[in-house]
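Each number in our numbering comes from the position in the sequence shown (counting from 1) with 462 added on. Yeah, the Cβ is synthetic: ideal placement off N, Cα and C, and Gly gets one too. Values in this document were obtained by computation on a predicted structure and should not be read as measured data. Remarks on the structure that follows.
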Amino acid sequence: MFHTLIIAGNLGRDPEMRYTPSGAAVTSFSVATNRQYTASNGETVKETIWFRISVWGKMAEVCNQYLRKGSKVLVEGRLTADPATGGPRLWTGNDGQARASFEVNAQTVRFLSSRGEVESFSPGGGAGSGGGDDSYGMPPEDDIPF
């Protein structure tokens with residue numbers, strides 16, 4: 463059996479990278495997806511779902527280097543269940559409300575932010591082709607390590 467989850471959203475905080483004891487890079491970040499609709503009573507409902515993303519290997523290093531809080535990304539990956547519950551990770555927020563986050567092991571992360579969309583998004587070395595190119599901040603295609 464097989465499943466793939468596709469998420470498009472914004473980073474809720476800067477990525478955090480660490481290395482496993484065997485030396486493999488892993489980067490974690492959270493992505494918020496938003497949905498707005500009108501309920502049957504005519505009231506506008508805004509809904510946000512959070513996903514916790516884990517990226518491994520060279521892609522983890524690139525994500526840590528180029529992504530920042532607010533960056534728009536498209537993530538393709540596999541949903542990982544909480545071993546304790548078999549579902550999303552459950553926790554209590556600072557306001558005392560029950561919360562849930564969904565864990566995703568990413569296979570692909572695409573950078574969707576364009577020039578100037580994220581103020582703190584200034585990778586320095588990467589050069590896009592300019593003119594509204596969505597690959598701004600990414601190294602030239604033949605230099606991408608994945």
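>> Considering just the uninterrupted stretch of the beta strand (DSSP E) at Glu-538, what are its terminal residues?
In response: 534 to 542
> Does the beta-carbon of Thr-482 have 16 or more other beta-carbons within 10 angstroms, so that it is buried, or is it exposed?
Replying inline: exposed
>> I'd like to know if the stretch 541 to 551 and the stretch 562 to 569 are in contact, where contact means that at least 3 CB-CB pairs between them fall below 8 Å.
In response: yes
>> Going by DSSP, what residue range makes up the alpha helix (DSSP H) through Ala-487?
In response: Run containing Ala-487: none in the alpha helix (DSSP H); it sits in the beta strand (DSSP E), 487 to 500.
>> Rounded to the nearest angstrom, what separates Lys-458 and Leu-473 at their Cα positions?
In response: Nothing in the structure corresponds to residue 458, since the chain is present only between 463 and 608.
> According to DSSP, is Gly-474 helix, strand or coil?
Replying inline: coil
> With burial defined as no fewer than 16 other Cβ atoms inside 10 Å of the residue's Cβ, what is the status of Ser-484: buried or exposed?
Replying inline: exposed
> DSSP puts Met-479 in a beta bridge; with which residues?
Replying inline: Thr-489
> Within this structure, are the beta carbons of Val-517 and Glu-538 separated by less than 9 Å?
Replying inline: no
> Of the residues Val-488, Lys-508 and Gly-504, which one's Cα is nearest the Cα of Ala-494?
Replying inline: Lys-508
>> For Asn-556 and Lys-520, I'd like the C-alpha separation in whole angstroms.
In response: 35 Å
> Alpha carbon to alpha carbon, how far is Ile-515 from Val-566?
Replying inline: 5 Å
>> If you reduce the DSSP assignment to three classes, tell me which class Lys-508 lands in.
In response: strand
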